[in-house]
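Here is the structure we will look at, set down as structure tokens.
Residue numbers (this note's numbering): 2 to 892.
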């Protein structure tokens, strides 16, 4: 026995009394106040002194606690096992040592714990005992991070287990009598290791345990795994030996940290264990039920390899040469059976291509001219591949904005919340050290972080402004209104609140940019492409990324979609669509849902939020783009080649001299004559179908790509170059200060009312919105002059000047709208009308951020006007009269 004098060793920190045949400790041990570690292994202890609770620095106690049950006879043992009595043979002082961190009570035949404990236990071993329920005493041990209750008789786990183990990281419940596990177990969100072997099943909500690294569930009767299991992205070990699994969840690919299979480490199974399950070969992932086709959109700079990549994805064959690059904004709607067969032959057995419907891919050209179409073709429900030349980026990182950053801004503008996958091309041109995408990933993350920080700052400023406007409005509530104050765009609370809501939506719905960047080669086989295809498939079957991709679709919807696609032409009006819907008993809101489904698949294009095209369905979108290609083309200057394109002389009936005049007017002023248009459209598939050409003519107006010019009833001397339409995108001549002076400043009249609004765009000015505004100003124009960044219009007693310019102070793009009218009310009404047109255009771009810089009104006075005697010398870019009648049938 240890002598009482041990208490004299007041500075004792470590005491090893293992295998010394002692049966207890003297009470004086309490005087060893600095004792931190006490080892008494190999001794048969009968008791421990109550004074041990005074050892305030003791953190580690090594004892053979099993010796405390040596005096239990068979009868007492049976009572303990059946729960007829509570165990009391373990000294309670063990739970009162304040700083004790670890306590091993394995195999001590206990069935209860003291309900009041004062120690700071972190690890507690209770395996091989007689517990019939989780002891309430655990609730008084809040610091526990590891509990082992394996080999007990637990029939259930309490629903409020989180209250017992708030900090738990390792929980072992192997070999109990559990037939089900409560959802409460899935609230132990700090869990890193969970062992449930030799029980019955896994809880459905196990995916909540996002920090889980190890899950052992061997020797159960598990027939299937919950889908939420595949949300455990940190899982490194999944032991499922000896169960009844015939298949695995289709999203098992998410568990990327399961890098080994059927291996051991430190005598324990690690990695993925599927031994003794009905899976006879590497798990086959069954076809996903109700998986719908995915629309695929390819974006990127001109010449980055989008067309080549698109064809490679479709055929997995060697791609065309670089000379066969994107010449248009094209649409590849289907893969042929031969292409699909070639692709299937090239895929290894474990690829998943057979589990996904073929995507309908929109290859959107990257040239500036095609950017006017992007707002119509981009789709939040689609998978967007942002393609860039990685070999160029690796040599010139400064190309990040033009190759990637610009396109991310574009997606922020038009499809916030979209799913985006970055694809770097020309992998075959890279050196081994350049095959690294980390720099791109860092740049993307930095851009996204800066954008979100900017949004948060602007939203805060906007909320402050709203409060100030409200306060000012309340202060002026008794003030009588006037014609001028009836329209005050800077004090429109509803508009400001809408902008705040829109900005918050941008913060709440960021782009879903996949962290992994695919690097592919298309000139040397299909290196990297098969891996990209697999990544795309995994995205398609991910319900969080593509929530509508696996919904059940009625057969009637499929039939309707097929019937729509078989109709002639490429456009159906709403009445035609409704008639088809009646045939398949699809009407009302169900018809809307069915069309949304067809649109999301990429089989049709339905712009249901477009103010002019919402009742039009384009059932052959590729033909639509081919038609628009006749007007919007990145290489239009080369296409306008009289000698190389005989259609201008044979179909347009133009001489070379006449053609050159028409060509110059188109490339300078955006004017397109009837003869020139017929030559441009000659190579379209429906160029001989006058009805389809007339439809296309109207669609160009509806898409706001051009405004139409009413035709004169009387022939002119130059009918061949009389414009049918003006495409603002092609207007290349810009206004000069003298132009503004002549047509606006010097044209002012005494007593006229002048009002203006200036809008500023602090982040990004969307391509094409100024041109869209231009097309909507033609309605009542008597005289109109167009420059690249300026529009001047006269109509009866009102005049309009719209300008786009760079603010020299802020470097931001500004848009200025000025109006003049002889009457104040007329000026207010006209400006309000133009403001609403502009606001509607801005509202169609969900990610746009804009402000009103200022809003002014004034009366012009004679003494401040320019002299009327100064001669006018500038030549207007175009003059069109609205008194002529339209002759669209002449097409």
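Even for Gly, the Cβ is constructed at its ideal location relative to N, Cα and C. Remember, predicted model here, so these are calculated numbers, not experimental data.
Beta-carbon spacing of residue 773, residue 672 below 8 Å
Residue 773 places its beta carbon 8 Å or farther from that of residue 672.
What three-state label does DSSP hand residue 75 in the structure shown?
Helix, per DSSP.
Complete runs of the beta strand (DSSP E) confined to the region 25 to 89 [at least 3 residues]:
Fully enclosed beta strand (DSSP E) runs of 3 or longer: 38 to 40, 61 to 63.
What residues match up with residue 855 in a beta bridge as DSSP calls it?
In the DSSP output, where bridge partners are listed per residue, residue 855 has 759.
CB residue 755 to CB residue 825, shorter than 8 Å?
In this structure, residue 825 does not lie closer than 8 Å to residue 755 by Cβ.
Leaving out the 5 sequence neighbours to the left and right, which residues in its chain are closer than 8 Å to residue 471 when beta-carbon positions are compared?
Here the set comprises 494.
Do residue 838 and residue 777 have their beta-carbon atoms positioned less than 8 Å apart in this structure?
With contacts defined by Cβ atoms closer than 8 Å, residue 777 and residue 838 form a contacting pair.
Report buried or exposed for residue 112, applying the criterion of at least 16 other Cβ atoms within 10 angstroms of its Cβ.
The Cβ neighbour count for residue 112, taken over all protein chains shown within 10 Å, is at least 16; the residue is labelled buried.
Can you list, in chain order, the residues of its chain with a C-beta nearer than 6 Å to that of residue 38? Leave out the 5 residues immediately preceding and following it.
Cβ within range, chain order: 15, 61.
If you run the structure through DSSP and keep just helix, strand and coil, what is residue 529?
The answer is coil: DSSP assigns residue 529 none of H, G, I, E or B.
Can you give me the C-alpha to C-alpha distance between residue 286 and residue 632, rounded to a whole angstrom?
Its pLDDT being 41, under 50, residue 286 is placed unreliably in this model, and the value from its coordinates should be taken loosely. Taking the Cα positions, residue 286 is about 47 Å away from residue 632.
Would you mind working out which of 835, 540, 503 sits nearest residue 383, comparing C-alpha positions?
Here the closest residue by C-alpha is 540.
With a floor of 3 residues, list each beta strand (DSSP E) that falls wholly inside the region 93 to 152, ordered by position along the chain.
Assignment of beta strand (DSSP E) within the region 93 to 152, counting only whole runs of 3 or more residues, yields 103 to 105, 124 to 126, 147 to 149 in chain order.
Just how far apart, CA to CA, sit residue 555 and residue 531?
Cα to Cα, the separation comes out at about 32 Å.
Can you confirm whether the region 77 to 86 touches the region 36 to 51 when touching is taken to mean that 3 or more C-beta pairs between the two stretches lie within less than 8 Å?
No, the region 36 to 51 is not in contact with the region 77 to 86.
Is it true that the CB of residue 844 sits closer than 8 Å to the CB of residue 507?
Their beta carbons are not under 8 Å apart, which means residue 507 does not touch residue 844 by this criterion.
Going by DSSP, what residues sit across from residue 385 in a beta bridge?
DSSP, once it has assigned bridges, lists 298, 421 as partnering residue 385.
Less than 8 Å between the C-beta atoms of residue 127 and residue 150, yes or no?
In this structure, residue 150 lies closer than 8 Å to residue 127 by Cβ.
Along the chain, where does the alpha helix (DSSP H) that runs through residue 1 open and close?
As shown, the chain starts at 2 and ends at 892. That puts residue 1 outside it, with no answer to give.
Sequence-distant residues of the same chain with beta carbon closer than 6 Å to residue 9, five excluded per side
Answer for residue 9: no residue qualifies.
Taking only the alpha-carbon atoms, compute the straight-line gap between residue 544 and residue 833 and give it to the nearest angstrom.
If I take the Cα positions, the gap works out to 45 Å.
Tell me whether residue 680 sits in a helix, a strand or coil according to DSSP, three-state version.
Residue state, collapsed to three classes: helix.
Taking the Cβ atom as the reference point for each residue, do residue 603 and residue 592 lie within a distance shorter than 8 Å?
Going by C-beta atoms, residue 603 is not nearer than 8 Å to residue 592.
Tell whether a beta-carbon distance below 8 Å holds between residue 771 and residue 813.
No. Outside cutoff.
Using CA atoms only, rank isn't needed, just tell me which of 309, 537, 606, 553 is closest to residue 565.
Looking from the CA of residue 565, the closest CA among 309, 537, 606, 553 belongs to 606.
Same chain, Cβ closer than 8 Å to residue 57, neighbours up to 5 away in sequence not counted
So the list reads 34, 99, 100, once near-sequence residues are dropped.
Are the region 157 to 173 and the region 124 to 139 touching, with three or more C-beta to C-beta distances below 8 Å?
Yes: at least three Cβ pairs fall under 8 Å.
From the DSSP output, read off the bridge partner residues of residue 520.
Per DSSP, 425.
For residue 242, tell me which candidate among 617, 252, 223 has the shortest Cα-Cα distance.
Nearest C-alpha to residue 242: 223.
Entirely within the region 724 to 809 and at least 4 residues each: give me those alpha helix (DSSP H) ranges in chain order.
For the alpha helix (DSSP H) assignment, the uninterrupted runs of no fewer than 4 residues enclosed by the region 724 to 809 are, from N- to C-terminal side, 738 to 741, 770 to 777.
Under the three-state DSSP convention, the category residue 308 falls into
DSSP places residue 308 in helix when its eight states are reduced to three.
Should the region 414 to 426 be regarded as contacting the region 510 to 521, the criterion being three or more beta carbon pairs within less than 8 Å?
Judged by Cβ distances under 8 Å, the region 414 to 426 makes contact with the region 510 to 521, as three or more pairs qualify.
Simplified DSSP state of residue 270, which is helix, strand or coil:
Reduced to three states, the DSSP call for residue 270 is strand.
On the DSSP letters alone, give me the boundaries of the alpha helix (DSSP H) that residue 669 sits inside.
First-last of the alpha helix (DSSP H) with residue 669: 657 to 670.
I'd like to check one pair, residue 197 with residue 233: are the Cβ atoms closer than 8 Å?
Not in contact: residue 233 and residue 197 (Cβ atoms no closer than 8 Å).
Within this structure, are the beta carbons of residue 259 and residue 237 separated by less than 8 Å?
In contact: residue 259 and residue 237 (Cβ atoms closer than 8 Å).
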